[in-house]
Amino acid sequence: MTEPGWYPDPSGAPGQRYFDGSQWADRAAGHQPPKKSNKRWIILGVVLAVLVFFGGCAAILIAGDTQEDEDSPRPAASAQPDPTVSPAGSAARDGNFEFEILKIGQTKTLQDMTDDPNMTMTADGLYVVVTVTVTNIGDEPAAFSGQDQLIIDTEGREFAVDSEAEAYVNTGYDYTSPIGPGDSIEVDLPFDVPPDGKVDRMELHDSASSGGVLLDLPWS
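Counted the way UniProt numbering counts, the sequence shown spans residues 1 to 220.
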């Protein structure tokens with residue numbers, strides 16, 4: 001007697017049919033479709049996990065570097081040194097010229113060099129008149145210009161030479177001609193400054209484009 005179970009379909013059809021021990025069941029067991037493999041999803045999951053892991057590590061490293069940059073003290077900007085100021089009574093050089101301040105004075109009214117009482121000029125504030133010796137230390141003749149010179153007060157304000165007053169106090173003296181090598185001139189440079197202006201140094205130049213030198217004013 002045949003035991004119950006699954007056997008090849010007696011009709012020859014593909015698949016199997018169940019025999020219950022006395023007869024064949026109506027339903028045949030066809031070929032079951034192969035189960036889809038989960039292997040691809042497993043691999044994809046592993047890849048994603050690796051990417052997430054390394055992405056997290058990179059984020060932590062970047063955050064750490066950023067925090068370190070924020071915590072690290074930034075180098076302070078180097079302070080620019082103050083220009084050297086030569087002491088009163090000394091000589092200083094710029095380009096082709098050596099400068100020395102001989103004396104300084106201040107007045108409300110200027111008298112021209114002819115001492116004509118009718119030939120005077122009055123300052124808006126006060127005239128500070130600086131007498132300077134200019135020596136040509138170069139190899140070629142060079143012209144000096146009073147308009148390139150400045151005086152500076154204790155607040156850092158700069159004052160240029162009063163050109164009209166400059167011509168006035170140097171009347172009859174040709175200080176604008178080129179100075180020969182080794183030669184010197186003596187020139188008065190008047191500055192019209194506010195009454196409260198406390199000038200304490202002078203900036204002297206070989207030319208308008210030169211770096212210039214600073215000299216203390218010889219107030220006595």
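Don't be surprised by glycine CBs; every beta carbon is placed ideally from N, CA and C.
A quick note: this is a predicted structure, and the numbers were derived from the prediction, not measured.
One thing to note: P178 has its Cβ within 8 Å of the Cβ of P141. Between D188 and R201, the C-beta spacing is not below 8 Å. Going by DSSP, V132 is part of the beta strand (DSSP E) stretching over 120-136. Taking V213 as the centre and dropping the five residues before and after it, the same chain places the C-beta of A92, D94, L204 closer than 6 Å to its C-beta, in chain order. For S163, the enclosing alpha helix (DSSP H) has its first and last residue at 163-169.
Closest in alpha carbon position to T135, among P87, P218, Y175, is Y175. Residue nearest to Y168 within the set G211, A123, E158 is A123 (criterion: CA-CA distance).
Excluding residues up to 5 positions away in sequence, N136, P141 lie with their Cβ nearer than 8 Å to the Cβ of G180 in the same chain. Taking C-beta separations shorter than 6 Å and ignoring five residues to either side along the sequence, the partners of T120 in its chain run T109, Q111, following chain order. In the three-state DSSP reduction, F144 falls in the coil class, being neither helix nor strand. When DSSP states are grouped into helix, strand and coil, G212 belongs to the coil group. One Cα belongs to E155, the other to V199, and the distance between them is close to 9 Å.
If you compare the alpha carbons of A143, T84, D196, A160 with that of L126, the shortest gap goes to D196. Beta-bridge pairing by DSSP links D188 to T131.
Rounded to the nearest whole angstrom, the CA to CA distance from P4 to Q23 is 9 Å.
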